[in-house]
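Okay, so here's the structure we're looking at.
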Amino acid sequence: MSVQYGDNKAGIERTTQAIATETEARVSDVSRLEVMIGENADGTAKNAADITEVRQVVVTESEARAQAVNKLSAATQAAADKADEADRKSGQNAADISSLDQVVTTLDSATASRFDEVSAQLADQSGQVGTIKGGIQNTAIALITNTLAQTSLSQRMSVQYGDNKAGIERTTQAIATETEARVSDVSRLEVMIGENADGTAKNAADITEVRQVVVTESEARAQAVNKLSAATQAAADKADEADRKSGQNAADISSLDQVVTTLDSATAQALLTVQTDVNNNKASINSLSQTVSTYQQATATQINAITATVNGHTSAITTNAQAIAGINGDLSALYSIKVGVASNGQYYAAGMGIGVENTPNGMQSQVVFLADRFAVTHQAGDTVTLPFVIQNGQVIIRDTVIGDGTISNAKIGNYIQSNNYVTGSVGWHINKNGNSEFNNVTVRGTIYGNDGYFNGTIRANKIDGDVCAIWTFPGFKISAGEPTTRTLYWRGGLDYAARICIPYSAISMASIRADNVFRAQVKINNVVLMDTTFNNNIAQVAHPVGYVDVPAGAVNVPIVVTVWKTAGGQANQLYFTVENFTVIVSPATNRFFS
Numbered sequence: 008m009s010v011q012y013g014d015n016k017a018g019i020e021r022t023t024q025a026i027a028t029e030t031e032a033r034v035s036d037v038s039r040l041e042v043m044i045g046e047n048a049d050g051t052a053k054n055a056a057d058i059t060e061v062r063q064v065v066v067t068e069s070e071a072r073a074q075a076v077n078k079l080s081a082a083t084q085a086a087a088d089k090a091d092e093a094d095r096k097s098g099q100n101a102a103d104i105s106s107l108d109q110v111v112t113t114l115d116s117a118t119a120s121r122f123d124e125v126s127a128q129l130a131d132q133s134g135q136v137g138t139i140k141g142g143i144q145n146t147a148i149a150l151i152t153n154t155l156a157q158t159s160l161s162q163r164m165s166v167q168y169g170d171n172k173a174g175i176e177r178t179t180q181a182i183a184t185e186t187e188a189r190v191s192d193v194s195r196l197e198v199m200i201g202e203n204a205d206g207t208a209k210n211a212a213d214i215t216e217v218r219q220v221v222v223t224e225s226e227a228r229a230q231a232v233n234k235l236s237a238a239t240q241a242a243a244d245k246a247d248e249a250d251r252k253s254g255q256n257a258a259d260i261s262s263l264d265q266v267v268t269t270l271d272s273a274t275a276q277a278l279l280t281v282q283t284d285v286n287n288n289k290a291s292i293n294s295l296s297q298t299v300s301t302y303q304q305a306t307a308t309q310i311n312a313i314t315a316t317v318n319g320h321t322s323a324i325t326t327n328a329q330a331i332a333g334i335n336g337d338l339s340a341l342y343s344i345k346v347g348v349a350s351n352g353q354y355y356a357a358g359m360g361i362g363v364e365n366t367p368n369g370m371q372s373q374v375v376f377l378a379d380r381f382a383v384t385h386q387a388g389d390t391v392t393l394p395f396v397i398q399n400g401q402v403i404i405r406d407t408v409i410g411d412g413t414i415s416n417a418k419i420g421n422y423i424q425s426n427n428y429v430t431g432s433v434g435w436h437i438n439k440n441g442n443s444e445f446n447n448v449t450v451r452g453t454i455y456g457n458d459g460y461f462n463g464t465i466r467a468n469k470i471d472g473d474v475c476a477i478w479t480f481p482g483f484k485i486s487a488g489e490p491t492t493r494t495l496y497w498r499g500g501l502d503y504a505a506r507i508c509i510p511y512s513a514i515s516m517a518s519i520r521a522d523n524v525f526r527a528q529v530k531i532n533n534v535v536l537m538d539t540t541f542n543n544n545i546a547q548v549a550h551p552v553g554y555v556d557v558p559a560g561a562v563n564v565p566i567v568v569t570v571w572k573t574a575g576g577q578a579n580q581l582y583f584t585v586e587n588f589t590v591i592v593s594p595a596t597n598r599f600f601s
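Under my numbering, the first residue of the sequence shown carries the number 8, and numbering increases by one thereafter.
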């Protein structure tokens with residue numbers, strides 16, 4: 008059915024059909040209402056509107072299908088005979104509403120779906136189409152099979168005015184199988200302003216949210232992801248796209264929350280990231296919180312990292328806290344702070360670690376610092392003091408009181424003294440130059456000194472040095488002519504040269520015969536000091552001997568006296584006696600004589 012009056016036209020079309028075969032039955036109903044007003048120079052309608060409806064039902068041996076399509080279109084200054092034709096030319100303002108409803112069943116599945124769209128567009132002042140438009144799309148699907156049940160809903164809203172765009176997308180989905188059930192909800196809000204020469208957005212921002220819950224026979228999981236992004240002069244259509252180019256200013260906030268349980272464990276995790284970027288000057292904050300529990304152990308961890316980077320120079324702060332408890336006695340609590348700076352290829356760091364843990368040696372705690380300089384400050388009024396400083400491996404204590412202390416090695420920069428020290432009276436004092444003063448001191452052990460003064464009594468079991476040692480060489484008597492030797496050894500071992508002296512020897516001889524001759528010889532360290540011959544009867548006489556100097560370190564120095572007969576009668580006709588004589592040992596040099 009159609010009518011026309013000049014350039015104005017109207018028409019109604021309707022087609023119905025029914026078909027049946029051995030394997031299929033089909034009916035369809037198609038109708039169209041169309042109106043056109045006016046005519047352009049090229050013969051097309053100026054203004055047009057139409058309504059199209061399609062309904063169809065198809066049944067086969069394996070499938071049943073029902074479908075309904077509805078479309079409403081309107082166009083002003085359309086450049087095509089059909090208002091809904093896709094390739095409309097410049098000068099067209101258009102609006103459309105479309106819907107598709109469909110149900111399908113097969114031997115092993117059933118599907119129901121609905122699609123509807125509302126759109127409108129307006130030509131800009133230059134007559135260009137496609138730069139001012141908006142639309143809403145909705146899609147709903149339900150699918151059932153022998154192994155799967157699934158529903159999904161998708162919604163999209165978008166608008167554009169020139170180079171400025173905005174949109175909202177949301178997709179929800181639910182799935183159930185024999186072993187799993189899953190639901191998800193994803194939404195995105197996006198805005199873009201302006202357009203660069205390469206067709207990308209100048210400024211852009213978006214918000215993305217993802218929520219998901221999954222349950223299986225062995226696991227249950229819930230997850231939520233949120234992301235906020237903004238970019239200025241972005242080089243990509245998406246504000247959160249990773250490969251942004253130079254000239255971009257960007258800011259992002261991302262979070263991930265997740266909980267997971269299995270047959271033997273439970274985990275909860277929260278991750279937060281905050282970051283900004285301006286011309287490659289970057290700053291970020293990352294936070295992770297996590298707890299894990301099993302039948303054997305429980306663990307809680309929290310990590311925070313702060314980073315800033317400019318021109319390749321980076322500053323960072325990281326804190327790490329962890330607590331662990333196990334049924335087998337494993338216990339630990341750890342906390343650390345680390346700060347670091349990377350500059351010109353060098354890394355500088357400072358930090359602190361605090362911990363308590365159960366080790367094979369028992370429960371142990373420790374506090375560890377990493378620093379070039381560690382100080383404790385104190386403020387009294389406006390004055391700040393440093394009573395305790397560790398710098399470059401050196402400990403500096405301004406003032407201290409130690410109740411009981413053990414020092415393996417120590418260095419005194421000036422002096423150390425007792426708190427009651429009075430010069431020449433009480434207490435003690437040790438100076439860095441080596442001078443010291445002790446009042447009433449007891450020393451057990453070895454003392455080395457160059458000089459000194461003593462008041463009072465000195466008692467010593469042994470004195471070596473600038474003193475004399477005196478010993479008596481035991482005398483002896485012979486009545487035979489065979490040589491007789493007596494030897495005395497001086498122990499020696501002094502660290503200075505010593506002098507061994509025998510001032511004299513007392514010797515006497517008695518003989519019946521006048522031709523008897525005796526010879527006596529004294530040697531110290533193989534040096535002969537006396538070699539004397541005695542004739543006939545002599546009374547006791549003092550005979551000078553002499554001394555010998557022995558070098559430092561000499562030990563077991565022999566002092567030898569030998570007597571023998573050199574001529575005369577029978578041995579039993581004479582007697583020769585060497586009396587006791589004195590041996591004196593002293594330093595080889597003596598400061599008392601010159």
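We put the CB at the ideal spot given by N, CA and C, even for glycine.
All values derive from a computational prediction rather than experimental measurement.
In the three-state scheme derived from DSSP, where H, G and I count as helix and E and B as strand, G360 is classed as strand. Boundaries of the beta strand (DSSP E) harbouring L40: E31 to I44, taken from the DSSP string. In this structure F588 touches Y511 by the C-beta definition: roughly 7 Å separates them, less than 8 Å. The shortest CA-to-CA distance from Q167 to any of G142, S191 and V346 is the one to G142.
Given a length threshold of 3 residues, each whole run of the beta strand (DSSP E) inside the region 419 to 459 is given here in chain order: 422 to 424, 435 to 438 and 443 to 445.
The three-state secondary structure of F461, taken from DSSP, is coil.
For Q282, the CB contacts under 6 Å within the same chain, skipping 5 residues up- and downstream, are D259 and S291 in chain order. Sixteen is the threshold: since fewer than 16 other Cβ atoms of the shown chains lie within 10 Å of the Cβ of Q24, the residue is exposed.
Going by beta carbons, I310 and N327 fall inside the 8 Å limit. If you check the CB distance, N563 and R498 come in under 8 Å. Burial is judged here by how many other beta carbons sit within 10 angstroms of a residue's own beta carbon; A212 has at least 16 and is buried.
V590 places its beta carbon 8 Å or farther from that of W435.
In summary, E224 is exposed, with fewer than 16 beta-carbon neighbours lying within 10 Å of its beta-carbon over all protein chains present. A residue is called buried once 16 or more other Cβ atoms fall within 10 Å of its Cβ, and T464, having fewer, is exposed.
For the 8 Å CB-CB criterion, L129 and N100 form a contact. With a beta-carbon spacing of about 14 Å, D337 and Y302 fall beyond the 8 Å limit used to define contacts. Around the beta carbon of D538, fewer than 16 other beta carbons sit within 10 angstroms, so the residue counts as exposed.
For H320, the closest of S165, Y354 and T384 by C-alpha to C-alpha distance is Y354.
In this structure the region 453 to 468 does not touch the region 521 to 530; the number of beta carbon pairs closer than 8 Å is below three. Counting only runs of at least 3 residues, the region 308 to 352 fully encloses the following beta strand (DSSP E) elements, listed from N- to C-terminal order: 320 to 333 and 338 to 350. Where S300 is concerned, the enclosing beta strand (DSSP E) starts and stops at N288 to T301. Boundaries for P558: no beta strand (DSSP E) harbours it, and the DSSP string shows neither H nor E there.
If you check the CB distance, Q255 and D284 come in under 8 Å.
Inclusion of T146 and S165 in the CB contact set at 8 Å is not warranted, their separation being larger than that value. Secondary structure at G169: coil, using DSSP grouped into helix, strand and coil. Going by DSSP, P565 is part of the beta strand (DSSP E) stretching over V562 to A574. DSSP places Q265 in the strand class (E or B) of the three-state scheme.
Approximately 14 Å separates the beta-carbon atoms of A378 and L393; this is outside 8 Å, ruling out the contact. Straight-line spacing of the CA atoms in A559 and S593 works out to 12 Å. Looking at the backbone, the Cα of G553 and that of V535 are separated by about 9 Å.
In this structure, S262 places its C-beta atom within 8 Å of the C-beta atom of N233. Within the same chain, Cβ atoms closer than 6 Å to the Cβ of V110 are found at A73 and A119, the five residues on either side in sequence being excluded. The beta carbons of A332 and V346 sit no closer together than 8 Å. The distance from the Cβ of E31 to that of V64 is about 11 Å, inconsistent with a contact at the 8 Å cut-off. Judged by DSSP secondary structure, S225 falls outside any beta strand (DSSP E); it is assigned neither H nor E. If you draw a straight line from the Cα of A75 to the Cα of A156, it is about 24 Å long.
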